[in-house]
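2 protein chains.
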Amino acid sequence: MSRIEPRTLKGFRDLLPGPMIAREALVDCARGVFRSYGFLPIDTPALEYEEILTGKGGEESDKQLYRFEDAGGRKVALRFDLTVPLARFVAQHSSELGMPFKRYHIAPVWRGENTQRGRYREFVQCDFDTIGTESVVSDVETVLVIHDLLRALGFERHAIRINDRRWLARLLEVNGMSSRQGEVLRLIDKLEKAGHQAVAREIEALGYSAGSVQQLLTTLSDGTMQGFWVNGVSEQIAAVLDGALAAGVPEGRVRFDASIARGLDYYTGIVFETRLDDLPDIGSVCSGGRYDDLASLYTKERLPGVGASLGLDRLLAAMEELGMVEKRASTAPVFLPYFEESRLADYLRLAAGLRAAGIGVELYPEARKLGAQLKYADRRGFAKALVIGEQEWAAGRGQVKDLAAGTTREAPLWNASGAPHPELLARLRGSADVSPS
Amino acid sequence: MSRIEPRTLKGFRDLLPGPMIAREALVDCARGVFRSYGFLPIDTPALEYEEILTGKGGEESDKQLYRFEDAGGRKVALRFDLTVPLARFVAQHSSELGMPFKRYHIAPVWRGENTQRGRYREFVQCDFDTIGTESVVSDVETVLVIHDLLRALGFERHAIRINDRRWLARLLEVNGMSSRQGEVLRLIDKLEKAGHQAVAREIEALGYSAGSVQQLLTTLSDGTMQGFWVNGVSEQIAAVLDGALAAGVPEGRVRFDASIARGLDYYTGIVFETRLDDLPDIGSVCSGGRYDDLASLYTKERLPGVGASLGLDRLLAAMEELGMVEKRASTAPVFLPYFEESRLADYLRLAAGLRAAGIGVELYPEARKLGAQLKYADRRGFAKALVIGEQEWAAGRGQVKDLAAGTTREAPLWNASGAPHPELLARLRGSADVSPS
Chain A
1 MSRIEPRTLK GFRDLLPGPM IAREALVDCA RGVFRSYGFL PIDTPALEYE EILTGKGGEE
61 SDKQLYRFED AGGRKVALRF DLTVPLARFV AQHSSELGMP FKRYHIAPVW RGENTQRGRY
121 REFVQCDFDT IGTESVVSDV ETVLVIHDLL RALGFERHAI RINDRRWLAR LLEVNGMSSR
181 QGEVLRLIDK LEKAGHQAVA REIEALGYSA GSVQQLLTTL SDGTMQGFWV NGVSEQIAAV
241 LDGALAAGVP EGRVRFDASI ARGLDYYTGI VFETRLDDLP DIGSVCSGGR YDDLASLYTK
301 ERLPGVGASL GLDRLLAAME ELGMVEKRAS TAPVFLPYFE ESRLADYLRL AAGLRAAGIG
361 VELYPEARKL GAQLKYADRR GFAKALVIGE QEWAAGRGQV KDLAAGTTRE APLWNASGAP
421 HPELLARLRG SADVSPS
Chain B
1 MSRIEPRTLK GFRDLLPGPM IAREALVDCA RGVFRSYGFL PIDTPALEYE EILTGKGGEE
61 SDKQLYRFED AGGRKVALRF DLTVPLARFV AQHSSELGMP FKRYHIAPVW RGENTQRGRY
121 REFVQCDFDT IGTESVVSDV ETVLVIHDLL RALGFERHAI RINDRRWLAR LLEVNGMSSR
181 QGEVLRLIDK LEKAGHQAVA REIEALGYSA GSVQQLLTTL SDGTMQGFWV NGVSEQIAAV
241 LDGALAAGVP EGRVRFDASI ARGLDYYTGI VFETRLDDLP DIGSVCSGGR YDDLASLYTK
301 ERLPGVGASL GLDRLLAAME ELGMVEKRAS TAPVFLPYFE ESRLADYLRL AAGLRAAGIG
361 VELYPEARKL GAQLKYADRR GFAKALVIGE QEWAAGRGQV KDLAAGTTRE APLWNASGAP
421 HPELLARLRG SADVSPS
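Below you can see the structure in the form of structure tokens.
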């Protein structure tokens, strides 16, 4: 038989159990935080009509779109983000949804990106947005969600940096650069990565004088809002900072940064980025902003909103680099070797009893030698093994091995009514106090 | 501006918060059960090389494949199930994975099916498999996982029906029907839906005598294994039934059913289906079986396994029909109206304190009239509202409204150290006993 080489497409990857366990934990954590603020889950199709997606994310994302004709001759494409599908979704269902509408959406997106930049062509996005209100309370909440999330993941040293597009627009106006605002903002967005000089040259190349470019960049690095009192913008940024403080975010974790611009065209108000103090080079792990009118391409209803996108893969990479991810390839805490073949029914009954008591247990499926089974358990990283051979079955006592510590303690297997003994449960849970309560 | 009609592709759908909350609950439940047996999560790309997917699921799934050429000229396709990607995955990574390997995979798949049959072209599959062992213990565990899962979801009346392909093969041999075994098995698989007579006619049409067809169908409906002692097959089915009983599955929830055949070619041992007693017509909600060699197309390593696939959408539909799904469109239990504008900092601080105590709370983003906000809360289905106006802020006491019962109770807002008062927490959690402990 001719075999097919088992391989994944360039830019695509399998997730093995270790990384997938870490991703599931991160997603669970994010969902828990989103839900604690009342954000609601939704899902949309991976495939959309091409016309829904093209022209929404700019020329680059059009180029990166996976598009084709389906068997029915429809022009279709895989979504490249979760924001454009959200716009389509709220336009289509706004009357059913009710406003304000707070949603989260955690799902894969596809972009035919240049993989040489270390990017994947399939990755999971994790977005949350509040649609249908212009209230600064939602801006505050967006910041709070980011902060809660990072804290829940174990980060203590991070900064959410906020700015306002209206302030930036006014700044460009004052410096005579309104005519090419989009391009200048995208260059400002590169300041940190490319540096002051390179960005200055590029803005000058758009046709602006060296003097006005210098003045612009000086104001940005100065980082104060003095002299730019624009329609209450300073008050709004101050309201976000105050709101974060009121909700208990420590001083400095949320701060004004004049150089935050974000590259996307659709932001019209507050914009933010989040850096980790310990890993500034990996860039922003959570970014977003306020937009006036997300769904105007699909509906005449005006739907302003504010939201952010969590960089799931980037955060995971950061947590790995900082040693915050426990290396494990097991999901059940207890390993139960099966080596007394005639006792299968007892192993099954005990495993079922432990699971009913809330203790996950993996029973090895083959009656092999104990050493081989413990080697398997070690490789998978189980915390505990419960070793029971014929002698232990007969005596009604098992050996609880702490696989990391290398210690073994005995415990009775059953209580009077034939359920797992409380002392056994306590030992397997790792409680210090093993006296039955 | 010319608008684009917001619409989804035929056969695709959006999931609004209500159904998505129910799906998330089901997926969480399934993950919890899988993990309690030590199954590990993995993920694979939605897109694969076309050659990986074609010819693996038969002619029909080839026809239903979404395939196209990517920008790099590669022939690619969207996966139509999670089993073929699993085969490719274990062939590619077997040395890293270690055997036995128990995995679960919950992810969308795509099939260009005829939507007139009420089917969707994108749906989530929820699979679990044990690879690398032929032990009957894994067959038993597969049955236990299905049973635990249904029980965890609240089902009490269901039957997991098991059969063995080897027994069926022997039965066909005895009746002289081995030559077209695959076709006859697919017809047997239709017995329940199409009925005895229709299936008899179709088997006869394959060229078999009415007498031998009658004898075959009589044996199948007789439902005993007498006379077909084949290489210990009966013992193996008995071992699965015994194992399930030993693990505490009530008698009758797992039973031998001679007519279970499953349509797929690759099964070689035990096969099973799961019916709900209260909704037999919706068909099997969880099906699977044992296969000798899943990955032979990609590797010379022999990788036997056993597994099953949970019909997520079918189960959700069943739970809805049986009134087992709580209709809710809120994820936080508590709604906090914001109507005293000058007190924003207090609302934010209290909401943060409640979340820190583990109580999810949605703060309305705009200082609108209380009535409008409570209408919003009612529509979203919040359990509780915490109403605090200027008078309540000044007095340090809030009103806890039980929105379903229509009752209101007062509670102090803060304790001495400025955190939410224990009595408030107890009222919001809905405990009967509200005395601080």
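First to last, the sequence lines map onto chains A and B. With this note's numbering, letter number 402 in the first sequence gets 402, and the count goes up by one each step, no holes. With this note's numbering, letter number 228 in the second sequence gets 228, and the count goes up by one each step, no holes. Heads up, the beta-carbon is just placed ideally off N, CA and C, and yes, glycines get one too.
Cα-Cα separation, Leu425/B to Leu354/B:
Taking the straight line from one Cα to the other gives about 7 Å.
Which word fits Asn114/B, buried or exposed, when buried means at least 16 other C-beta atoms lie within 10 angstroms of its C-beta?
Exposed is the call here.
With burial defined as no fewer than 16 other Cβ atoms inside 10 Å of the residue's Cβ, what is the status of Glu423/B: buried or exposed?
Glu423/B should be labelled buried.
Taking a Cβ distance cut-off of 8 Å, strictly less, list which residues of the segment 11 to 27 of chain B are near chain A, in chain order.
Within the segment 11 to 27 of chain B, Phe12, Arg13, Asp14, Leu15, Leu16, Pro17, Met20, Ile21, Arg23, Glu24 place their CB atoms closer than 8 Å to a CB of chain A, listed in sequence order.
How is the beta strand (DSSP E) around Phe256/B delimited, first residue to last?
First-last of the beta strand (DSSP E) with Phe256/B: 254 to 256.
Buried or exposed for Ala385/A, going by 16 or more other Cβ atoms inside 10 Å?
Ala385/A comes out buried.
Check whether chain A comes within 7 Å of Ile4/B, counting only Cβ atoms and requiring the distance to be less than that.
Yes, its Cβ sits closer than 7 Å to a Cβ of chain A.
Is it true that the segment 84 to 104 of chain B meets the segment 66 to 74 of chain B, where meeting means three or more beta-carbon pairs spaced less than 8 Å apart?
Taking a cut-off of 8 Å on C-beta distances, the segment 84 to 104 of chain B does not touch the segment 66 to 74 of chain B, as fewer than three cross pairs fall below it.
Identity of the residues DSSP links to Asp129/A by a beta bridge:
Asp129/A pairs with Arg103/A, Gly307/A.
Proximity winner among Leu16/A, Leu153/A, Thr130/A, Thr44/A, relative to Leu303/A (alpha-carbon distances)
The shortest Cα separation from Leu303/A among Leu16/A, Leu153/A, Thr130/A, Thr44/A belongs to Thr130/A.
Can you list the residues of chain A that Pro45/B reaches, using a CB-CB cut of under 8 Å?
Against Pro45/B, the close residues of chain A are Thr8, Leu9, Phe12, Arg13, Asp14, Glu122, in the order they occur along the chain (beta-carbon pairs closer than 8 Å).
Can you give me the start and stop residues for the beta strand (DSSP E) that Phe89/B sits inside?
Note, Phe89/B: premise wrong, no beta strand (DSSP E); alpha helix (DSSP H) at 83 to 97.
Going by beta carbon distance, what residues of the same chain come within less than 7 Å of Glu321/A, once the five residues before and after it are set aside?
Answer for Glu321/A: Leu279, listed in chain order.
Suppose contacts are defined by Cβ-Cβ distances below 7 Å. Is Gly381/A in contact with Ala332/A by that definition?
Cβ distance not < 7 Å, so Gly381/A and Ala332/A don't count as in contact.
For Val137/B, decide whether its Cβ has a neighbour in chain A, counting only Cβ atoms nearer than 7 Å.
Cβ-Cβ to chain A under 7 Å: yes for Val137/B.
Alpha-carbon to alpha-carbon, Ala411/A and Ser435/A
A caution first: Ser435/A carries a pLDDT of 44, below 50, which makes its placement in the model unreliable, though a value can still be read off. Spanning the two alpha carbons is a distance of roughly 11 Å.
Could you tell me the distance, in whole angstroms, from the CA atom of Ile443/A to the CA atom of Tyr208/A?
Any answer about residue 443/A is impossible in this case: the structure gives chain A only from 1 up to 437.
Give the interface partners of His438/A over in chain B, defined as CB-CB distance under 9 Å, in chain order.
Any property of residue 438/A remains undetermined from this structure, which presents chain A solely from 1 to 437.
Exposed or buried, what is Lys401/B when buried is set at 16 or more other beta-carbons lying within 10 Å of its beta-carbon?
Lys401/B is buried by the Cβ-count criterion.
State the CB to CB distance for the pair Glu340/B and Trp393/B, rounded to an integer number of angstroms; the pair is presumed to be in contact (CB under 8 Å).
About 6 Å; that satisfies the 8 Å criterion.
Residues near Arg343/B by beta carbon distance below 6 Å, same chain, minus five either side:
Excluding positions up to five away in sequence, the list reads Trp393.
Count the CB pairs spanning the segment 133 to 145 of chain A and the segment 357 to 369 of chain B that are closer than 8 Å, and state whether there are at least three.
Output reads yes: the segment 357 to 369 of chain B touches the segment 133 to 145 of chain A.
What span of residues does the alpha helix (DSSP H) with Leu294/A cover, start to end?
Segment: none, Leu294/A is in no alpha helix (DSSP H) and carries neither H nor E.
Using the beta-carbon count (16 or more within 10 Å), is Arg103/A buried or exposed?
Answer is buried; the Cβ neighbour count reaches 16.
Would you mind giving the Cβ-Cβ distance between Glu183/A and Ala46/B, rounded to the nearest angstrom? I have them listed as a contact below 8 Å.
Contact between Glu183/A and Ala46/B is ruled out by a C-beta separation of about 35 Å, above the 8 Å threshold.
Cβ atoms of Gly263/A and Asp189/A: under 7 Å apart, would you say?
Their beta carbons are under 7 Å apart, which means Asp189/A touches Gly263/A by this criterion.
Between Glu235/A and chain B, is the shortest Cβ-Cβ distance under 7 Å, so that the two count as touching?
Cβ-Cβ to chain B under 7 Å: no for Glu235/A.
Looking at the structure shown, is Asp164/B part of a helix, part of a strand, or coil, going by DSSP?
Correct three-state label for Asp164/B: strand.
CB contact check: Arg151/B to chain A, cutoff 7 Å
Not one chain A Cβ lies under 7 Å of Arg151/B.
Could you say which of Val33/B, Glu51/B, Ile4/B lies nearest to Glu5/A if we only look at CA atoms?
Selected option, being the one with the closest Cα: Glu51/B.
Would you report the Cα separation of Ser221/A and Gly195/A, rounded to the nearest angstrom?
Using only the alpha carbons, I get a separation of about 11 Å.
Return the chain-ordered list of same chain residues with a C-beta closer than 7 Å to the C-beta of Gly307/B, the five sequence neighbours on each side being excluded.
Counting only Cβ-Cβ distances below 7 Å, and skipping sequence neighbours, we find Asp127, Phe128, Asp129, Thr130, Thr142, Gly288.
Taking its Cβ as the centre, do 16 or more other Cβ atoms sit within 10 Å of Ala318/B, making it buried, or is it exposed?
Classification of Ala318/B: buried, given that the 10 Å Cβ count is 16 or more.
Reference Val76/A; option with closest CA among Leu153/B, Lys10/B, Gln116/B
Looking at the Cα atoms, Lys10/B is the closest of the given residues.
Where the beta strand (DSSP E) containing Phe68/A begins and where it ends:
Start and end: 67 to 69.
Could you name the residues of the same chain whose beta carbon sits closer than 8 Å to that of Val334/B, not counting the 5 residues immediately before and after it, in chain order?
Same-chain partners within the cutoff: Leu354, Ile359, Gly360, Val361, Glu362, Phe382, Ala383, Lys384, Ala385, Leu386, Leu428.
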